[in-house]
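Okay, structure first, notes after.
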Amino acid sequence: MSFKSLGLKEALIKAVEEKGYTKPSPIQEKAIPHILEGKDILASAQTGTGKTAGFTLPVLQYLSDTKHPKYRPLRALVLTPTRELAAQVYDNVREYSKYVNIKSAVVFGGVNAKPQIATLKSGVDILVATPGRLLDLHDQKAVSFKRIDVLILDEADRMLDMGFVRDINKLISFMPEKRQNLMFSATFSKDIKKLAEGILRNPVSVETAPQNSTAKKVTHKVFKVDKNKKTEFTIKLIKDNNWNQVLIFTRTKHGANKLTEKLIKAGISAAAIHGNKSQGARTKALKNFKDNSIKILVATDIAARGLDIPLLPHVINFELPNVPEDYVHRIGRTGRAGAAGEAISLVCSEETEYQNEIEKLLNEKLKSNIVEGFEPTDTAPPKRAASQSKGSFGKKKRPGNSNSSEGNKAKRKPHFKGNKPTSTSGRGRTGAPKKKRF
Ligand code: ADP
Ligand code: MG
1 MSFKSLGLKE ALIKAVEEKG YTKPSPIQEK AIPHILEGKD ILASAQTGTG
51 KTAGFTLPVL QYLSDTKHPK YRPLRALVLT PTRELAAQVY DNVREYSKYV
101 NIKSAVVFGG VNAKPQIATL KSGVDILVAT PGRLLDLHDQ KAVSFKRIDV
151 LILDEADRML DMGFVRDINK LISFMPEKRQ NLMFSATFSK DIKKLAEGIL
201 RNPVSVETAP QNSTAKKVTH KVFKVDKNKK TEFTIKLIKD NNWNQVLIFT
251 RTKHGANKLT EKLIKAGISA AAIHGNKSQG ARTKALKNFK DNSIKILVAT
301 DIAARGLDIP LLPHVINFEL PNVPEDYVHR IGRTGRAGAA GEAISLVCSE
351 ETEYQNEIEK LLNEKLKSNI VEGFEPTDTA PPKRAASQSK GSFGKKKRPG
401 NSNSSEGNKA KRKPHFKGNK PTSTSGRGRT GAPKKKRF
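According to UniProt numbering, the sequence shown is numbered sequentially starting from 1.
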């Protein structure tokens, strides 16, 4: 199968060939023909399987074939849950559209809205955006959705987790009824199917990997270790093995900061990436990690979602996620593009229940290891499993607890309260972080 036989035009094929793609990935093979036919689709495939090109290429083809010679109303919109993902998708859109006459742009929060408004005014065919900032801009009449032909929801499962459904529905209420809808997700949950029912019309379902399956070449390793020994153990792992590029997941922003500090103290270059960091710091951390000028990136689940960090040999779960699906997303960062990878989890006694939940989801037992000098002595009782904790936990927790995970926080907080956009609130360029939105 070739890009040509999928029905894509030469100008697009030339651009992907320059990216080094020689043939379409399985999800691209399955999704592109349906999208070119104008159908709605609900597509699921593992992280790192090329979903972005899967929707971008056919949409670019549609846009360039139907472009009005004079006007450039916004006709395609890609919504993503996080700023980093928006930036990444936009980079791809730009690369793929190199040889077609299509203008693209990206907007997200945490940065000055003025240049975004100016870009939108100048005319854009396809826009990549995070929901919150886009609503702000729409409120300011900087953008119109009246001519939207194609709506793409990328990482839809994460948008659900982050509580963006209301924002999305509000955005959709400004769009024409008749449009094509494409929904992409790494996993197909019941909630995703429900969301899809509300948005998609007679969608074709496209799936390339068994539900919630993890990349085949990833080995899972669990180390049983006491909670208060985890930092020391992590440092030992990195030093003993001489690892040069490791993504570490923590459950909380605070935990990410603390671990990063300790790593740096131990002489290991590291940076943290999470929702409380300024956009500049996040972009810089990611760039430094990608070009290997730092060895370790410590991230929360939400910050890391969907990021394309190629060929990551090791992922460490400093803590297990309390939502088992997050484990699948996390380890999707390793063993990408067919390369082998290792997913390491440090599990203390209170996390046993999380491990059980993960094993259930994977339908696989994770082998436990104990390392000399780090034999577990803790006997703290296991925490309740994610499925039970979701409802009751949230209500009891004090609001504003900086230790709470971003995901749950996002879920608890109503998202759009008509807050003033950054540019007019006098908070200036770096002012937004208090009212965090991805
Ligand atoms: P996903 O959204 O499914 O997680 P991405 O769209 O981020 O995956 O793509 C993952 C990586 O694979 C990117 O580096 C991208 O450039 C690359 N890629 C996409 N399509 C192809 C292809 N057909 N051949 C080779 N590499 C590809
Ligand atoms: Mg993606």
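Glycine included, every Cβ here is placed at the ideal spot set by N, Cα and C.
Subject >> Residue from Val111, Leu77 and Tyr99 with nearest C-alpha to Val128 >> reply: Start at 1 with the first residue of the sequence shown, and residue 128 comes out as number 128. Checked all of Val111, Leu77 and Tyr99; the closest Cα to Val128 is Leu77.
Original post:
Is His329 buried or exposed, if buried means 16 or more other CB atoms sit within 10 Å of its CB?
Top reply: Counting from one through the sequence shown, the residue named residue 329 turns up at place 329. The residue in question, His329, is buried, as its Cβ has 16 or more Cβ neighbours within 10 Å.
**OP:** Compute the distance between the beta-carbons of Glu325 and Thr208, then report whether it is under 9 Å.
**Re:** Here residue 325 corresponds to residue number 325 of the sequence shown, with the count starting at 1. Here residue 208 corresponds to residue number 208 of the sequence shown, with the count starting at 1. Cβ atoms of Glu325 and Thr208: not closer than 9 Å.
Original post:
In this structure, does DSSP put Leu151 in helix, strand or coil?
Top reply: Against the sequence shown, residue 151 aligns to sequence position 151. The answer is strand: DSSP assigns Leu151 an E or B state.
**OP:** Would you check whether ligand 2 has a heavy atom nearer than 8 Å to the C-beta of Lys51?
**Re:** Mapped onto the sequence shown, residue 51 falls at position 51. Yes; taking the cut-off as 8 Å, the Cβ of Lys51 has a heavy atom of ligand 2 nearer than that.
**OP:** Hey, could you find the ends of the beta strand (DSSP E) residue 439 is sitting in?
**Re:** Since the first residue of the chain shown is 1 and the last is 438, residue 439 is not available in this structure.
Original post:
Looking at the structure shown, is Glu342 part of a helix, part of a strand, or coil, going by DSSP?
Top reply: Position 342 of the sequence shown, counted from the first residue, corresponds to residue 342. Reduced to three states, the DSSP call for Glu342 is strand.
**OP:** May I ask whether a heavy atom of ligand 1 can be found less than 8 Å away from the beta carbon of Lys217?
**Re:** Counting from one through the sequence shown, the residue named residue 217 turns up at place 217. Incorrect: Lys217 has no Cβ contact closer than 8 Å to ligand 1.
Original post:
With a CB to CB cut of under 7 Å and the five nearest residues on each side skipped, what residues in its chain are close to Lys365?
Top reply: Position 365 of the sequence shown, counting from 1, holds the residue named residue 365. Cβ neighbours of Lys365 beyond the five flanking positions: Glu359.
**OP:** Identify, in the order they occur along the chain, each residue of the same chain with its Cβ nearer than 6 Å to the Cβ of Glu29, setting aside the five sequence neighbours on each side.
**Re:** Reading the sequence shown from its first residue, position 29 is the one you call residue 29. So the qualifying residues of the chain are Met1.
Original post:
For Val328, which three-state DSSP category applies?
Top reply: Counting from one through the sequence shown, the residue named residue 328 turns up at place 328. Reduced to three states, the DSSP call for Val328 is helix.
Original post:
Can you round the beta-carbon distance between Gly255 and Glu319 to whole angstroms, since I take them to be within the 8 Å contact cut?
Top reply: Counting from one through the sequence shown, the residue named residue 255 turns up at place 255. Counting from one through the sequence shown, the residue named residue 319 turns up at place 319. Yes, they are in contact, since the Cβ atoms of Gly255 and Glu319 sit about 7 Å apart, within 8 Å.
Original post:
What did DSSP end up calling Val347 once you bin it into helix, strand or coil?
Top reply: Here the question's residue 347 lines up with position 347 in the sequence shown. Strand.
Subject >> Entirely enclosed alpha helix (DSSP H) segments - the UniProt domain "Helicase C-terminal" (229-378), minimum 4 residues >> reply: 230-241, 253-265, 279-290, 301-304, 324-331 and 352-362
Original post:
If you check the beta carbons only, do Glu351 and Pro382 fall under 9 Å apart?
Top reply: Along the sequence shown, read from residue 1 onward, the residue named residue 351 stands at position 351. Along the sequence shown, read from residue 1 onward, the residue named residue 382 stands at position 382. Yes, the Cβ-Cβ distance between Glu351 and Pro382 is below 9 Å.
Subject >> For Gly275 and Lys230, the rounded distance between their alpha carbons >> reply: Sequence index remark: in the sequence shown, residue 230 carries index 230 (1-based). Sequence index remark: in the sequence shown, residue 275 carries index 275 (1-based). Lys230 and Gly275: Cα-Cα distance of roughly 23 Å.
**OP:** Run the proximity test for Leu297: is its beta-carbon closer than 8 Å to any non-hydrogen atom belonging to ligand 2?
**Re:** Residue numbering aside, residue 297 sits at position 297 when the sequence shown is read from its first letter. For ligand 2, not one heavy atom lies less than 8 Å from the Cβ of Leu297.
Original post:
Under three-state DSSP, which class holds Thr219?
Top reply: By one-based count along the sequence shown, residue 219 stands at place 219. Looking at Thr219 - three-state DSSP - the assignment turns out to be strand.
Original post:
Does the distance from the CB of Ser345 to the CB of Phe223 come in under 9 Å?
Top reply: As a position in the sequence shown, residue 345 is number 345, starting the count at 1. As a position in the sequence shown, residue 223 is number 223, starting the count at 1. Contact flag set, yes.
Subject >> Cβ-Cβ separation, Phe164 to Leu74 (assumed contact under 8 Å), whole Å >> reply: The residue labelled residue 74 in the question sits at position 74 within the sequence shown. The residue labelled residue 164 in the question sits at position 164 within the sequence shown. Actually they do not touch by this definition, with Cβ atoms about 20 Å apart.
Original post:
How big is the Cα-Cα spacing for Asp161 and Ile152?
Top reply: Walking along the sequence shown from the start, residue 161 turns up at place 161. Walking along the sequence shown from the start, residue 152 turns up at place 152. For Asp161 and Ile152, the distance between alpha carbons rounds to 17 Å.
Original post:
With 16 as the cutoff for other CB atoms within 10 Å, does Phe201 come out buried or exposed?
Top reply: Within the sequence shown, the letter at position 201 stands for residue 201. Reading off the sequence, residue 201 comes out as Arg, not Phe. Arg201 should be labelled exposed.
Original post:
With a Cβ-Cβ cutoff of 9 Å, do Ile192 and Met175 count as a contact?
Top reply: Translated into positions along the sequence shown, residue 192 becomes position 192. Translated into positions along the sequence shown, residue 175 becomes position 175. Against a cut-off of 9 Å, the Cβ pair of Met175 and Ile192 comes out as no contact.
Original post:
So what does DSSP say about Ile199, is it helix, strand or coil?
Top reply: Position 199 of the sequence shown, counting from 1, holds the residue named residue 199. In the structure shown, Ile199 sits in a helix (DSSP, three-state: H, G or I).
Original post:
Is the region 90-102 close to the region 36-47, with three or more CB pairs under 8 Å?
Top reply: no
**OP:** Measure how close the beta-carbons of Thr283 and Leu312 come, nearest whole angstrom, since I'm counting them as under 8 Å.
**Re:** For the purposes of this step, residue 283 is identified with residue 283 of the sequence shown, where counting begins at 1. For the purposes of this step, residue 312 is identified with residue 312 of the sequence shown, where counting begins at 1. Between Leu312 and Thr283 the Cβ distance is about 19 Å, and since that is not below 8 Å, they are no contact.
Original post:
For the candidate residues Asp291, Ile264, Ser293 and Asp301, whose alpha-carbon lies nearest to that of Ile273?
Top reply: Against the sequence shown, residue 273 aligns to sequence position 273. Closest option to Ile273, Cα to Cα, is Asp301.
Original post:
Alpha carbon to alpha carbon, how far is residue 439 from Leu42?
Top reply: The requested residue 439 does not occur in the structure, where the chain is confined to residues 1 to 438.
Subject >> Start and end residues, beta strand (DSSP E) containing Gly100 >> reply: Locating residue 100 in the sequence shown gives position 100, where the first residue counts as 1. Per the sequence presented here, residue 100 reads as Val, with Gly not at that position. Run containing Val100: none; DSSP gives neither H nor E here.
Original post:
Are Leu36 and Gly54 close, meaning C-beta to C-beta below 9 Å?
Top reply: Looking up residue 36 in the sequence shown gives position 36. Looking up residue 54 in the sequence shown gives position 54. No.
Original post:
Which word fits Phe3, buried or exposed, when buried means at least 16 other C-beta atoms lie within 10 angstroms of its C-beta?
Top reply: Start at 1 with the first residue of the sequence shown, and residue 3 comes out as number 3. Phe3 comes out buried.
Original post:
Does the distance from the CB of Leu57 to the CB of Leu85 come in under 9 Å?
Top reply: The residue you call residue 57 lines up with position 57 of the sequence shown. The residue you call residue 85 lines up with position 85 of the sequence shown. Against a cut-off of 9 Å, the Cβ pair of Leu85 and Leu57 comes out as no contact.
**OP:** Starting from the Cα of His68, find the closest Cα among Lys103, Gly38 and Lys39 and give me that residue.
**Re:** Taking the first residue of the sequence shown as 1, we reach residue 68 at position 68. With distances taken between Cα atoms, His68 lies closest to Lys103.
Original post:
What's the call for Glu370, buried or exposed, on a 16-neighbour Cβ count within 10 Å?
Top reply: Here the question's residue 370 lines up with position 370 in the sequence shown. The sequence as given places Ile at residue 370; Glu does not occur at that position. Per the 10 Å Cβ criterion, exposed.
Subject >> beta strand (DSSP E) segment containing Ser205, residue limits >> reply: As a working note, residue 205 is residue 205 in the sequence shown. Val204 to Glu207 is the span of the beta strand (DSSP E), which, as asked, contains Ser205.
Subject >> Where Ser25 falls: helix, strand or coil (DSSP) >> reply: Translated into positions along the sequence shown, residue 25 becomes position 25. In the structure shown, Ser25 sits in coil (DSSP, three-state: anything other than H, G, I, E or B).
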